[in-house]
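What follows is a short report on a single structure.
Below, the structure is given as structure tokens:
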């Protein structure tokens with residue numbers, strides 16, 4: 107049995123009704139689902155009203171089952187190195203690196219423990235995967 111975590115792009119699409127989540131269910135079938143603390147932070151940062159209740163409901167079972175992936179110091183260091191390598195190859199300006207910072211942290215922590223990232227953000231995760239041992243999969247929403 108493998109492990110997967112959903113990027114915030116997937117949760118947002120499902121919560122806003124852009125997707126029924128059927129493809130997500132298919133891609134994660136038979137896998138143990140984790141929640142990244144970084145994704146949780148992103149979801150709370152963008153949530154108000156009913157959206158906040160959605161995030162709170164989402165968070166609870168991951169906390170109870172201890173399936174919350176929290177970055178370690180080594181993940182922060184790796185994320186910084188990933189950002190530098192992506193910037194060197196693709197010429198990202200400061201704004202581009204800042205936008206990519208959370209994804210780099212998700213990638214570093216998921217790669218460390220061998221959890222596949224399922225995302226609708228293929229461009230950024232494909233570039234990060236060039237520089238670390240990240241397993242990821244694109245979902246069409």
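Numbering (my numbering), first residue to last: 107 to 247.
Yeah, the Cβ is synthetic: ideal placement off N, Cα and C, and Gly gets one too.
For the alpha helix (DSSP H) holding residue i, just list the boundary residues, first then last.
i, result
"residue 147", "143 to 151"
"residue 160", "156 to 170"
"residue 112", "Not the alpha helix (DSSP H): residue 112 falls in the beta strand (DSSP E), residues 109 to 112."
"residue 129", "128 to 134"
"residue 232", "228 to 235"
Excluding five sequence neighbours on each side, which residues of the same chain lie with their C-beta closer than 8 Å to the C-beta of residue i?
i, result
"residue 107", "136, 137, 138"
Can you tell me where the beta strand (DSSP E) with residue i in it begins and where it stops?
i, result
"residue 225", "222 to 225"
Mapping DSSP to helix, strand and coil, what is residue i?
i, result
"residue 175", "strand"
"residue 244", "strand"
"residue 206", "helix"
"residue 137", "coil"
"residue 125", "coil"
"residue 196", "helix"
What does a CB cutoff of less than 6 Å around residue i pick up in its chain, not counting 5 residues either side in sequence?
i, result
"residue 145", "114"
"residue 215", "175, 177, 181"
"residue 247", "119, 124, 125, 226"
"residue 244", "228"
Rounding to the nearest angstrom, what Cα-Cα distance links residue i and residue j in this structure?
i, j, result
"residue 187", "residue 143", "20 Å"
"residue 132", "residue 126", "12 Å"
"residue 159", "residue 152", "12 Å"
"residue 220", "residue 194", "26 Å"
"residue 192", "residue 141", "25 Å"
"residue 130", "residue 222", "13 Å"
"residue 189", "residue 242", "17 Å"
Can you list, in chain order, the residues of its chain whose CB lies under 7 Å from that of residue i, leaving out five sequence neighbours each side?
i, result
"residue 157", "121"
"residue 230", "206, 209"
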